[in-house]
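Below is one structure, written out as structure tokens; comments come after it.
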Amino acid sequence: MNIALQAIRYHAHYQQIWNEFVNIAQNATFLFHRSFMDYHADRFQDHSVMVFADKELLAIFPANEKDNVIYSHGGLTYGGVAVAPSVESYQNIFQAIFHYYQRKEFEKIFYKEIPFFYQKSKPTEPKFYPLSLSNQTLVHLIRLCQQDMGAVIDLQSPIHLWHGREQAIKKASHAIPPLEIIEDSSFTQFEGFWNELLIPQLKNKYGLSPTHTLSEISLLAARFPQNIKQYNVYQQGEILAGATIFEDRQVAHCQYVASNNLGKELRATDLLFHYLIKEKYKNFCYFSFGISNEHGSNKVNQGLLQWKISWGAEVCKHLHFQIDLS
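Right under this line is the structure:
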């Protein structure tokens with residue numbers, strides 16, 4: 037790129053430009069849309085930047101600031117720099133972003149990569165270009181600080197289920213009375229799943245609460261009806277299991293999954309995931325189970341990871357980097 041790049045801070049008057057860019061970028065998803073990012077604006081001090089070449093927007097970086105540190109936006113599962121379709125090299129873009137935050141006297145950046153399966157096309161640069169900048173004066177140190185262990189199925193390649201999964205699916209499909217899968221993203225469906233399954237399971241098993249409250253997920257589903265879907269499994273009207281799926285760019289990502297004791301006994305979750313993987317999303321490119329790390333640490337829940345692998349998923353690492361600017 038011969039034109040000097042300029043990184044500027046996002047402001048609300050750029051909302052339309054930002055959102056239009058998200059729709060055409062190589063590697064952005066609806067999570068980068070301001071209507072998604074801003075639903076919890078009161079929790080994060082936004083300090084996102086936009087990179088321009090003259091008047092052409094080339095990249096966006098969703099970010100927030102806290103205690104003189106910049107974070108890939110803390111309200112998003114993943115962050116990273118989203119780039120325009122015309123971008124082939126990230127080098128100057130990262131330099132412009134780092135230089136901007138240096139001028140604002142921030143000390144460091146914590147950077148989360150965008151998962152590879154959301155990429156429309158493969159960039160010509162390494163997966164995380166700033167690693168190759170570490171010997172330049174722009175940054176003082178770049179180091180890997182966390183590896184999240186994700187699991188993803190390539191839906192366009194043969195899928196090999198473990199024998200135990202096949203047996204569980206067979207058991208669920210022969211349940212009497214039969215199990216019924218319902219796709220319905222109405223408030224009632226979210227309410228049943230959240231209050232009867234998800235909240236009790238997370239509290240009892242991990243002492244945690246869902247990232248999104250019931251009101252928040254209902255609001256987001258209303259804003260993004262084509263992207264956020266709820267699937268529940270019932271037996272004679274009683275909810276047994278469910279999954280919340282985020283769809284975008286031919287990727288189905290499982291955001292939440294939960295079941296009760298009867299659902300576990302009848303293998304309702306197995307029936308549901310077999311339907312999602314083999315039928316509902318069979319023409320998508322990828323099915324993502326999300327990460328298996330415990331409480332934001334590098335410790336991996338091996339049982340959970342093995343369960344995902346048993347569906348034919350492969351492990352993929354989502355890398356987090358610390359970039360020292362001073």
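For the sequence shown, the tail end lands on 362 under this note's numbering, and the numbers increase by one without skipping. All C-beta atoms in this analysis are idealised placements derived from N, C-alpha and C, irrespective of residue type, glycine included.
Segments of 4+ residues assigned as alpha helix (DSSP H) that fall wholly inside the stretch 55 to 133 = 70 to 73
Does Y322 have its Cβ less than 9 Å from a Cβ in chain B?
-> The structure shown contains no chain B, having only a single protein chain.
Sort out for me which residues DSSP pairs K318 with in a bridge.
-> Paired residue(s): none; K318 is not in a bridge.
Y267: which of Y242, H289, P246 and I217 sits nearest, CA to CA?
-> I217
Taking one C-beta from the stretch 190 to 202 and one from the stretch 219 to 229 each time, how about it: are there three or more such pairs within less than 8 Å?
-> no
How long is the line joining the alpha carbons of H196 and H310, rounded to whole angstroms?
-> 12 Å
Cβ-Cβ distance between K25 and F80 below 9 Å = Residue 25 is absent from the model: the chain starts at 37 and stops at 362.
Specify the secondary structure class of I253 as computed by DSSP and reduced to three states.
-> helix
Can you tell which of Q155, P214 and Y107 has the C-alpha that lies nearest to the C-alpha of E143?
-> Looking at the Cα atoms, Y107 is the closest of the given residues.
When the Cα atoms are used, what is the spatial distance from T160 to G332?
-> Only weak support is given to the placement of T160: the predicted model assigns it a pLDDT of 44, under 50, and the question is left unresolved by the model.
Give the single residue among D78, Q127, F130 and G116 whose Cα lies nearest to the Cα of A64.
-> G116
Does the distance from the C-beta atom of E363 to that of D190 stay below 9 Å?
-> Here the chain covers residues 37 to 362 and nothing more, so residue 363 does not appear.
If you draw a straight line from the alpha carbon of S170 to that of F152, how long is it in whole angstroms?
-> Confidence is the limiting factor: at S170 the pLDDT is only 49, short of 50, which leaves the residue's position unreliable and the question unanswerable from this model.
Compare the beta carbon distance of G326 and G186 with 9 Å and say whether it is the shorter of the two.
-> yes
R303 classed as buried or exposed, judged by whether at least 16 other C-beta atoms fall within 10 angstroms = buried
Expected contact under 8 Å - CB spacing of Q192 and C321 to nearest Å = 6 Å
Could you check how far apart the C-beta atoms of N296 and L255 are, in whole angstroms? I think they sit under 8 Å.
-> About 26 Å separates the beta carbon of N296 from that of L255, a gap too long to meet the 8 Å contact definition.
For A208 versus D306, is the C-beta distance shorter than 9 Å?
-> yes
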